[in-house]
Structure formats: C-alpha cells, structure tokens
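Novice:
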Amino acid sequence: MIVCFVLFLYFLKAYRSIFSVTEETKAPIPPVEIYAVTSFYDYGLSAEDLRSHKQRLSEFLVTLHPSVKVVVYTTEKYVELVRSVRDVSKLRVGEVWEWGAMSEHKVAFEGMSKSQIDGPGGGISKPAEAHAVRALMHERLPFECGDSFNGWDERYCFWMDLEIFAEPTLGSDVLGPQTVEQVLRPLLSGGNSGRLLMALETDVVPSIGIEWNLDKGPIQRSMVSGGFLGGRASSALGWWSPKWWALFERFVAAGHAAQSVDHFVNAFVMDTMDHIFLLDGPSFTTPESVAHAWDITQCVRQPLSLVYQYLRDPEMRPDGCDLTHAAVRMIEFLGCRESMLPGSRGDVAFASLLTTADPGYTEGHIVLGNSIRLSLGNSPPFPSSPPMVLLSLIDPQQLSRVEELRQVGWSICHIARYPPMAEERVRRELKDQFSKLPLWTLTKYKRVVYMDADTLLLRPPLDLMRAEGKMAAVREWGPKHHEGGMSSISESQTVASGFQDYFNTGVFSISPSETEFLKLKYLRWSFRDYDLSMGEQGMLNAIYRDKESGWEELDFRSNGDTAMFVYDYEEWKRRWPGLHVIHFKLEKPFVSNLATRMVAAGQGQNANLLRLWDSFRYGERPTSLDSSVSQSS
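See below:
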C-alpha cells in the first residue's frame, strides 16, 4: 500500500513537471501596447491650467485600459511642466518628445509655396501642424512608435491628440469623454491581441491637402475617399511621408488596412481586421470655397458641442451633414465583433433584441433562451447549445439578471440605438425596433433566426433555419381592416380575422450581409413609402414586399400568433400540433397582472398557454410537445 502511494506521488510529480514544461514552451501572446501621443502647448492657457488640463486628459485615457501609455511631445519651454504632470500624477506617461524652439520647424515647409504655408488650413502658426510635418519629413518619431514597432507583430502605436477628450469646462469645446469611451472601451477590452489597423478620420479633404500628399506620398486621388486620408491641416497625421505611405500601402496589400472610410468600416463589419481608430476633431480652418459633398456651413463650421449632439442624435444633423459618419458607424459595430460571438462560421444562430431594463422583458428573454436550448437540445442532430446572440440597447451592467441570461445561453452584444426617421409618428412600443438592423452585420453566421421576447420555440424551426430568402417570415394574422389596430379590440368582440397581405417581424430569418445592412441603414433615413407608425415592420415589408424583392413566405407554424387563439380558436386547435413557434402578440405572459394571471391559470383556454410558458420559465420542456414532433417536419 505504501509502495503504491509512493509510486503515485512519483508519477504525479513527473506529470506536473511535464505539464509545466509544456506550458512554459507555449508561445506567449504579445500584449497590445497602446500609446497615446499628444501635443503640449499653451494655446493661451496659463501654465497651471494647462497642466491640470493635460493631467485630467491623461488620467482618463489611462483608465480605459491598463496597457495605455501617454507620450507627450512639446517644445523645450514645457518639458519640465510635462514631466511634472507625469511625476505628480504617477501616470504611465512616456518620455517627453522634445522638439526645441518653434523657429526650428520652418524647415518642415521647405519646397512648399508661400501660399500653401500662409493660406487657410495651413501654416507654421499652427504648432501641431508644424511638428507633425517635421516628424514625418525627418522620420523622427517617438521611441514608442519607432521602427521596431512598425512591423505590427507585437506592439502597436496609437496616435491620438488628447485634445479630443477635452470638455468645455477645460476651455476646449470638443467631443466629450463619454463618446470617446464608447468608441474605445470595447476595442481595449477582452485582452484582444490581434493586429490593429492604423487609420485616420478627418472631417474634410481640402484639395490643397491632397496636393501636398501627392508631393510626399504620393497618395493617389482615387484612394482619398470620405475624408479618410490626407488633407486636413490641423490633423496630427495630415501629411504622409513616403515612409508612412509605403507602410500603409503594404498593409493595404496584405488586407490589414483600408483605402477609404467605407472600405475601413466595411472591413470592420466583415471582421476581416482588428484596428486602431484615430479620433480627430473637426476643423474650423476649412475655407468656405472648398468643394465638398457636405454642407460646410451647416456641418463643419458648427461648434463642436453641437457636433457632439450630431453624433449622439442623428436626427439633429442638417441635411447633407455626415461629419461624424465614421465614428457613428464604429459605435454601431463595436458590440458584436465576430471574435466575441458564439459558435462557428457558417452556423445558424438565434437572436433577439432587448430594448429595456424592465424585469419582465428580461424574464421573457430568459424563458425564450430556455425554449431555444431545450427544444433544439432534445432534437438530434441539432446542437445542444446553439449560438444565441442577444442585441441589447441596455448596458449589461445595468441588467438585474444578466448572469441568468448568460446561463440560458445568450451572448450579449451591447449595441447603439437606431432611432426611426420620424419618431413622433411611430407607435411607442415600436420606437426601438429599428435596432434590429445590426442583425444583418452578424456575417459569421449562414443564417440568423430572430425571435422577439414574447415568443417560445416549441420544436426545431426547420423552415426558418433552412430558408434562403432575404427575408423569411410569416404573414401577419389578425382582425382585418379594424381602425385602431388589434390592440383596440376586446377579446369578446367578433371581428373578421385572417391573414394579412404583409409579414410579421416578431419572428423571421435572414442571411446576414454587409451590403444588405448598409442598404437598410441608408433606407431608414431616406425611404418614406411605408406606414411610419409601424416602425421597422412597415419599412421591411415595403422593401421585401414580394418574392421577387426577397420575401420568402413561411407557413403559420413558424410564427404561431396567439391572435388566432383568441379570435379563431378552432383554427388554432387544428394548427397547434405542428407549431414550431408560439408568439404571444397580444397579452404578454411576463407582464400580465399577477392576480389576473393566477385566475387564468386555473380556468379557460388561456390556462394551457400560461402553463406552457411557465414550464419553460422553470427550465422544463413539456414532453407532450414531442408527441406531434413528426408533424413539424
């Protein structure tokens, strides 16, 4: 016995030794080290105000992620002041990047005409511009962004002027930290060590800026699109030296960089790259004479506090003003990166939308999650844990039962709200439903089956999963041509009921597509030929109005509307054995009055539906559903 015990300890030690060696020999995952590079000039501020200003900005950036370091470049006048910020705050502030006296930087403009130097949008009077030019022309970059980092193998350089984080109270009226945090935090979470794309977003591309870049790059005019490359004089990377342009071209060829804003965003949607997004404030120096698609007067030259509102509320933007289009698009896609989604490429996924922190709707999604997991898991060859994606307008940290949502199978993607075009004309309960549009960005999946919180999956929804149309959905069922809609009819009324000439968007399936998403996103603001009161259902029906335009009509079994239960019970009984999905379109079981619900549970036809919902609520699937499973195929 003792001998056996000794041998056991010996082999255990040997096993641990082997395991340890194996672990140590694994290639380490390189950290994503991000450096924020900022300028440090007085801009009319006192030394104390400037120090306080930069310290607050640095502290904010560092709090976004532990790997962030702040590198400051300045003139010799402010070197000690910058160092005091670092020493006093004990931040991870990198070495000061010294540039000497301003007079030294005139060399940066050699070869440029005097009109280019002194004209609108350029000139040595702008310290940041002069420093950027000098840095690129003389290939003098801070150590953190030097040649050893340009291989993009282990470290990445994050270029950003921290002025973008300022607040009006700090003397600079630019985009506030809340917006920047929305853009950055998802990028910096989760230990992502993938490759990053260096990009630059500017608000305009003046022709004079393109000419400068053509001289230095050259940047081909056909490559300049949407205010992405080149141009704006106040941009920290507004000038691209041959070295930087060659690097950029190399990554374009390798598929790690984008040629324009649209290429950049589209590649991000398709998850073909990781990236770094460089924010840059709008310019006040853009000449009115610059020919541009945007309305310069109404868009570019607005105070930045108003531009911030444009970013937060697209309805406030003047016609033709798309100043912050890239930032808006970025926010829209940050919540559902492919690397964060469950399942494998080519899977069929299930999805839903959470628009409120109301506990009832959270419970509805928990019950729906149970029904998906239990109804597929008990039916080979379907996976026991199908990919389930919950698009949420609510920050998961604000959800009271977020862990229960995850336990039943939901992967939560926090997304931006998509407001309707004329919100005041949309029914109150439908105002958030355009936020279903990001479903089309889930291109990891071959097919996405969408189900509202007031639905249950009873059996594998084969029609929805196998559909191939752009929009596979069931005709709306309900009272016909009743003014005021179905919600205005009492259950005791006798009305003519039946299938409508349009589909219901509480349950449907799609094939995710970047192109289709961008089309729908555009039509949300430009297309008006539908009943606005019906929200996204009205728009989608107008777009996918028939088979030729993409509607693949499915049988009622794929969206068993309880309106039929109420208004045509005999027909409901006939169809019940083959239902795949039940849709509580009228009274919601999770928001019903408790007293009324308890009475209904003991009597009448409603009792069966409530007991069915309660079964899934407690994590049980009634075995009676299996007796007619053959009828659902």
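Taken in order, the sequence shown gives residues -16 to -1, 1 to 617; the numbers are from mature numbering (1 follows the signal peptide of the UniProt record, and there is no 0). Built from N, CA and C at the ideal position, the CB exists for glycine as well. Owing to the predicted nature of the structure, the values given are computational and were not obtained by experimental measurement.
#1: With a CB to CB cut of under 7 angstroms and the five nearest residues on each side skipped, what residues in its chain are close to Met548?
#2: Among Arg450, Arg411 and Asp552, which residue has its Cα nearest to the Cα of Ser542?
#3: For the region 484 to 495 against the region 514 to 534, do three or more pairs of beta-carbon atoms, one drawn from each stretch, fall closer than 8 angstroms, so that the two count as touching?
#4: State the start and end residues of the unbroken alpha helix (DSSP H) segment that holds Glu520.
#5: If you scan the region 345 to 414 from start to end, which runs of the alpha helix (DSSP H) of 4 or more residues do you find wholly inside it?
#6: Quickly, what does DSSP pair Arg431 with across the bridge? List them, please.
#7: Are three or more beta carbon pairs between the region 347 to 359 and the region 401 to 417 nearer than 8 angstroms?
#8: Ignore the nearest five residues each way along the sequence and tell me which others in Arg409's own chain have a CB closer than 8 angstroms to its CB.
#9: I need the straight-line Cα distance from Arg385 to Thr346, nearest angstrom please.
#10: Can you give me the C-alpha to C-alpha distance between Leu337 and Arg412, rounded to a whole angstrom?
#11: According to the neighbour-count rule (16 or more other Cβ atoms, all chains shown, within 10 Å of its Cβ), is Asp513 buried or exposed?
#12: What's the call for Gly344, buried or exposed, on a 16-neighbour Cβ count within 10 Å?
#13: Compute the distance between the beta-carbons of Tyr551 and Pro463, then report whether it is under 8 angstroms.
#14: Name the two residues that bound the continuous beta strand (DSSP E) containing Ser495.
#15: Under a three-way DSSP split, which group does Pro561 fall into?
#16: For Asp610, which of helix, strand or coil comes out of DSSP?
#17: Going by DSSP, which residues form a beta bridge with Trp535?
#18: Check for me: the beta strand (DSSP E) holding Thr439 runs from which residue to which?
#19: Check whether the Cβ atoms of Lys572 and Asp416 lie closer than 8 angstroms to each other.
#20: Please list, in chain order, all residues of the same chain as Arg559 whose beta carbon is under 8 angstroms from its beta carbon, the five residues on each side excluded.
#21: Take Val392 as the anchor and find which of Lys430, Pro326, Val351 and Leu377 has the nearest alpha-carbon.
#22: Just how far apart, CA to CA, sit Leu570 and Asn590?
#23: By how many angstroms is the C-alpha of Leu383 removed from the C-alpha of Ala456?
#24: Are the beta-carbon atoms belonging to Ala420 and Tyr434 less than 8 angstroms from one another?
#25: Given this structure, state the Cα-to-Cα distance separating Leu374 from Glu388, to the nearest angstrom.
#26: For the alpha helix (DSSP H) that contains Asn592, what are its first and last residues?
#27: For Asn488, would you say it is in contact with chain D, using Cβ-to-Cβ distances shorter than 8 angstroms as the test?
#28: Can the beta-carbon of Ile378 be found closer than 8 angstroms to that of Ala333?
#29: Output the boundary residues of the alpha helix (DSSP H) element that contains Thr546.
#30: Express the C-alpha separation of Val458 and Gln484 in angstroms, rounding to a whole number.
#31: If you follow the alpha helix (DSSP H) that Met449 is in, where does it begin and where does it stop?
#32: Please determine, among Val565, Phe511, Tyr528 and Lys454, the residue with the shortest C-alpha to C-alpha distance to Arg443.
#33: Could you say which of Leu609, Ser369, Thr499 and Glu536 lies nearest to Gly562 if we only look at CA atoms?
#34: Among Thr427, His349, Glu32 and Ile396, which one has its Cα closest to the Cα of Phe501?
Specialist: Walking through what the data contain:
#1: As a first step, residue 548 is located in the sequence shown; it is residue number 564 there, counting from the start. Excluding residues within five positions, the ones whose Cβ falls inside 7 angstroms are Trp461, Glu555 and Trp556.
#2: In the sequence shown, counting from the first residue as 1, residue 542 sits at position 558. That would be Arg450, whose Cα lies nearest to the Cα of Ser542.
#3: yes
#4: Working through the sequence shown from its first residue, we reach residue 520 at position 536. It spans Gly519 to Ile527 - the alpha helix (DSSP H) in which Glu520 sits, taken as one unbroken run.
#5: 386 to 391
#6: For the purposes of this step, residue 431 is identified with residue 447 of the sequence shown, where counting begins at 1. BP columns for Arg431 point to Val332.
#7: no
#8: As a working note, residue 409 is residue 425 in the sequence shown. Leu516 and Ser517.
#9: By one-based count along the sequence shown, residue 385 stands at place 401. By one-based count along the sequence shown, residue 346 stands at place 362. The straight-line gap from Cα to Cα measures roughly 7 angstroms.
#10: Your numbering for residue 337 matches position 353 in the sequence shown. Your numbering for residue 412 matches position 428 in the sequence shown. Distance between the alpha carbons of Leu337 and Arg412 is about 16 angstroms.
#11: Looking up residue 513 in the sequence shown gives position 529. The residue is exposed, with fewer than 16 neighbouring Cβ atoms inside 10 Å.
#12: As a first step, residue 344 must be located in the sequence shown, where it is residue number 360. It is exposed - the Cβ of Gly344 has fewer than 16 other Cβ atoms within 10 Å.
#13: By one-based count along the sequence shown, residue 551 stands at place 567. By one-based count along the sequence shown, residue 463 stands at place 479. In contact: Tyr551 and Pro463 (Cβ atoms closer than 8 angstroms).
#14: Translated into the one-based positions of the sequence shown, residue 495 becomes position 511. Taken as a continuous stretch (DSSP letters only), Ser495 belongs to no beta strand (DSSP E), as it is neither H nor E.
#15: The count along the sequence shown starts at 1 and reaches residue 561 at position 577. Pro561 falls in the helix class under three-state DSSP.
#16: For the purposes of this step, residue 610 is taken as residue 626 along the sequence shown, with counting starting at 1. In this structure, Asp610 counts as helix in the three-state DSSP scheme.
#17: As a first step, residue 535 is located in the sequence shown; it is residue number 551 there, counting from the start. For Trp535, which the question treats as bridged, DSSP gives the partners Met455.
#18: For the purposes of this step, residue 439 is identified with residue 455 of the sequence shown, where counting begins at 1. Unbroken beta strand (DSSP E) run through Thr439: Thr439 to Leu441.
#19: Walking along the sequence shown from the start, residue 572 turns up at place 588. Walking along the sequence shown from the start, residue 416 turns up at place 432. Not a contact, by the Cβ cut-off of 8 angstroms.
#20: Against the sequence shown, residue 559 aligns to sequence position 575. The residues are Phe540, Arg541, Gly544 and Met548.
#21: As a position in the sequence shown, residue 392 is number 408, starting the count at 1. Among Lys430, Pro326, Val351 and Leu377, the Cα nearest to that of Val392 belongs to Val351.
#22: Position 586 of the sequence shown, counted from the first residue, corresponds to residue 570. Position 606 of the sequence shown, counted from the first residue, corresponds to residue 590. In a straight line, the C-alpha of Leu570 is about 12 angstroms away from that of Asn590.
#23: Here residue 456 refers to the residue found at position 472 of the sequence shown. Here residue 383 refers to the residue found at position 399 of the sequence shown. Cα-Cα distance, rounded: 31 angstroms.
#24: Residue 420 sits at position 436 when you count from the first residue of the sequence shown. Residue 434 sits at position 450 when you count from the first residue of the sequence shown. In the sequence as presented, Ala is not what sits at residue 420; that position holds Lys. Contact: yes.
#25: For the purposes of this step, residue 374 is taken as the residue at position 390 of the sequence shown. For the purposes of this step, residue 388 is taken as the residue at position 404 of the sequence shown. Near 13 angstroms, if we compare the C-alpha coordinates of Glu388 and Leu374.
#26: Working through the sequence shown from its first residue, we reach residue 592 at position 608. Asn590 to Arg601 is the span of the alpha helix (DSSP H), which, as asked, contains Asn592.
#27: Absent from the structure is chain D; it holds one protein chain and no more.
#28: Reading the sequence shown from its first residue, position 394 is the one you call residue 378. Reading the sequence shown from its first residue, position 349 is the one you call residue 333. Result no, Cβ atoms of Ile378 and Ala333 do not sit closer than 8 angstroms.
#29: Position 562 of the sequence shown, counted from the start, is the residue given in the question as residue 546. Element bounds for Thr546: Thr546 to Tyr551.
#30: In the sequence shown, counting from the first residue as 1, residue 484 sits at position 500. In the sequence shown, counting from the first residue as 1, residue 458 sits at position 474. Cα to Cα, Gln484 sits roughly 10 angstroms from Val458.
#31: By one-based count along the sequence shown, residue 449 stands at place 465. Here the alpha helix (DSSP H) through Met449 covers Leu446 to Arg450.
#32: Position 459 of the sequence shown, counted from the first residue, corresponds to residue 443. Ranking the options by Cα distance to Arg443, first place goes to Val565.
#33: On the sequence shown, position 578 is the one that residue 562 refers to. Ranking the options by Cα distance to Gly562, first place goes to Leu609.
#34: On the sequence shown, position 517 is the one that residue 501 refers to. Closest option to Phe501, Cα to Cα, is Thr427.
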